[in-house]
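**Q** If you scroll down you'll find the structure; I have some questions about it.
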Amino acid sequence: ILRNSNGERFMERYAPTLKDLAPRDFVSRSMGQEIIEGRGVGPHKDHILLDLSHIGTETITKRLPSIREIAIRFANVDPIKEPIPVVPTIHYQMGGIPTNINGQVIGTPKGHKEVVNGFYAVGECSCVSVHGANRLGTNSLLDLVVFGRAAGNHIVKHVKELRDHKPLPADAADFALSRLAKLEKSSSGEYTQAVAGDIRSTMQKHAGVFRTEKLMAEGVRKIEEVAERVKHVHLKDKSKVFNTARVEALELTNMIEVARATMVSAEARKESRGAHAPSEHKERDDENWLRHTLWYSEDNRLEYKPVHMTPLTVAPVPPKPRTF
């Protein structure tokens, strides 16, 4: 049971029938609404309480041991005795590198249907687009057990059909090596952890479950400011063996790309669809926004491509208003 600072089971107000079992994006937005309206818990009123006391000690011990362990270890809270502090945050990346059902990356300067031969993406970084704007529970397994397997099978087939490998250009490794060299030569600048922390806090505030046009516009500006800082991070530890600081510094450039893509794309979409629900645009707008957003890092621009509604092997399910 989710409770606010008044001890109220607030989901009874938002979803009188399903209550705390309403769809997770709806529950997350309701939690965000409670926090924004001042009913958050704690000295900073920045979280909600998850009360498991009604489940009972025996059930928690036998059926939820890992949840209890996590709560004790990371929040210093025993859910048998007291509620767990919780806050809505990112759970899953529904977008990603556009691919076909074989994991082949699609989208080149020639158009959005072209396949980049030999280039594959699978897992959460890819987007075959089976999730739409709001992934269903357990559907993330498709990215691995279905499309991961399909990509593996296609790679084997593709390699067998190849006669000769195209010769690599002389500068093929230059970009990757330049990233390493830049960190190696750095002598001043911010540490990775500080910049990464600001990426997280900016995205949490401006691209979280509670969205407004003003918040997202501010987020676009702030994340661009952070992107400039990413260019000047300093790697203090330059050791060659098991250097996690170097890994984190390299990951930072990936994080900022994902953050920019998410922030710019969200700010541009003037409707509500799935987990994207700005308060000024409460309804879905299929006429103008039933389309995929494509972000290009070169000049921070957006392009769009249509959603395929023609049958493949079964008839598609058209979008409808969600009721619960």
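The opening residue of the sequence shown carries number 1 in UniProt numbering; numbering runs sequentially from there. Think of the CB as a built atom: it goes at the ideal place given N, C-alpha and C, for glycine as much as any other residue.
Is the beta carbon of C127 less than 8 Å from the beta carbon of G95?
**A** Here residue 127 refers to the residue found at position 127 of the sequence shown. Here residue 95 refers to the residue found at position 95 of the sequence shown. For C127 and G95, yes; Cβs fall inside 8 Å.
**Q** Rank A150, R246, S201 by C-alpha distance to the C-alpha of S186 and give the top, closest one.
**A** As a first step, residue 186 is located in the sequence shown; it is residue number 186 there, counting from the start. Taking only the C-alpha atoms, the option nearest S186 is R246.
**Q** Can you give the Cα-Cα distance for M216 and T57, rounded to whole angstroms?
**A** The residue given as residue 216 occupies position 216 in the sequence shown. The residue given as residue 57 occupies position 57 in the sequence shown. So the alpha carbons of these two residues sit roughly 43 Å apart.
**Q** Give the secondary structure of Y92 by DSSP, where H, G and I count as helix, E and B as strand, and everything else as coil.
**A** Sequence index remark: in the sequence shown, residue 92 carries index 92 (1-based). Looking at Y92 - three-state DSSP - the assignment turns out to be coil, as it is neither helix nor strand.
**Q** Looking only at its chain, what residues have a beta carbon closer than 6 Å to the beta carbon of H232, apart from the 5 residues adjacent to it on each side?
**A** Counting from one through the sequence shown, the residue named residue 232 turns up at place 232. Contacts found: G189.
**Q** So T192 and E271 are in contact, right, with Cβ under 8 Å, and what is the actual spacing, rounded?
**A** Indexing the sequence shown from 1 puts residue 192 at position 192. Indexing the sequence shown from 1 puts residue 271 at position 271. With 8 Å as the limit, T192 and E271 do not qualify as a contact, their Cβ atoms being about 36 Å apart.
**Q** In terms of residue numbering, what span does the alpha helix (DSSP H) encompassing Y191 cover?
**A** Looking up residue 191 in the sequence shown gives position 191. Taken as a continuous stretch (DSSP letters only), Y191 belongs to no alpha helix (DSSP H), as it is neither H nor E.
**Q** Bridge partners of R211, per DSSP?
**A** Position 211 of the sequence shown, counting from 1, holds the residue named residue 211. DSSP output for R211 lists P278 as bridge partner(s).
**Q** If the criterion is Cβ atoms closer than 8 Å, does the pair I199 and M255 meet it?
**A** Sequence index remark: in the sequence shown, residue 199 carries index 199 (1-based). Sequence index remark: in the sequence shown, residue 255 carries index 255 (1-based). Cβ atoms of I199 and M255: closer than 8 Å.
**Q** With 16 as the cutoff for other CB atoms within 10 Å, does G219 come out buried or exposed?
**A** Looking up residue 219 in the sequence shown gives position 219. Classification of G219: buried, given that the 10 Å Cβ count is 16 or more.
**Q** Checking 8 Å against the spacing of the C-beta atoms, do I67 and P79 come in under that value?
**A** Against the sequence shown, residue 67 aligns to sequence position 67. Against the sequence shown, residue 79 aligns to sequence position 79. Yes, these two residues count as a Cβ contact at 8 Å.
**Q** For R269 versus N300, is the C-beta distance shorter than 8 Å?
**A** For the purposes of this step, residue 269 is taken as the residue at position 269 of the sequence shown. For the purposes of this step, residue 300 is taken as the residue at position 300 of the sequence shown. Cβ distance not < 8 Å, so R269 and N300 don't count as in contact.
**Q** In three-state DSSP terms, what is T313?
**A** Working through the sequence shown from its first residue, we reach residue 313 at position 313. In the structure shown, T313 sits in coil (DSSP, three-state: anything other than H, G, I, E or B).
**Q** On the DSSP bridge assignment, give the partners of W295 in chain order.
**A** For this step, residue 295 is matched to residue 295 along the sequence shown. Paired residue(s): L302.
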